[in-house]
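Take a look at the structure below.
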Amino acid sequence: MDHPLKTFASLEGPSLHQNNHTSKTEQSENIYVNEDVNQAHEAKRTGPALSGFVDVKKSSSCRDAAVFLCLLCLLLIGLSLTLVVLYIKGNSEQDQLQTSYNNVTKERDQLQTSYNNVTKERDQLQNSYNNVTKERDQLQTSYNNLTKERDQLQTSYNNVTKERDQLQTSYNVTKERDQLQTSYNDLTRERDQLQTSYNDLTREQDQLQTSYND
């Protein structure tokens, strides 16, 4: 749609043309007047016979000029009304354009606000994600450390268990040794007792033998 200033510019064109046309009309009227003056001088020269013809021609020229002026006035009125209608229409269209512009500006601001809100929420979610990721990494590190400590403790436990089993085996050997020592002691004591008994019997035998010999 054309801007109202362009509309005024387009409407001013015919007005200038009309002014030029009016100037031409005035020049034509001046020509008619000059012709009338010339005819009057001619009538004076030709006499009363031509004066009636000049009056009729002059009256016809004035009537044609009056009709032309009336038509020109009607044309100017029509152009003025057209100018007013176009001006009102241009203002109405300008108001509609302004309203449309305001609505588009309002929608743009709303979209900008929505975009800013979504961007803010996205940044908050990104921060939350980063925090959760950091906590997850810390937990993973803690888990790895605990797993490593558990493995170390398991290894230590296995070593201690192995040592315990070795000690248990050593203890069992010691116990068997003690049992064997006890058995050896018992056997030694029995042997000593038997030796004593044998010695007693031998002495008794010797005594009996001595007695018998006597």
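According to our numbering, the sequence shown is numbered sequentially starting from 20. Where is the CB? At the ideal position from N, CA and C, for every residue including glycine. As the structure is a prediction and not an experimental result, all values here were calculated from the model.
Backbone secondary structure at residue i - three-state DSSP
i      : result
Asp233 : coil
Thr215 : helix
Ser202 : helix
Asp225 : helix
Exercise for the section: Could you pull out every unbroken beta strand (DSSP E) segment of at least 3 residues lying fully inside the stretch 89 to 116, listed in chain order? Expected result: none
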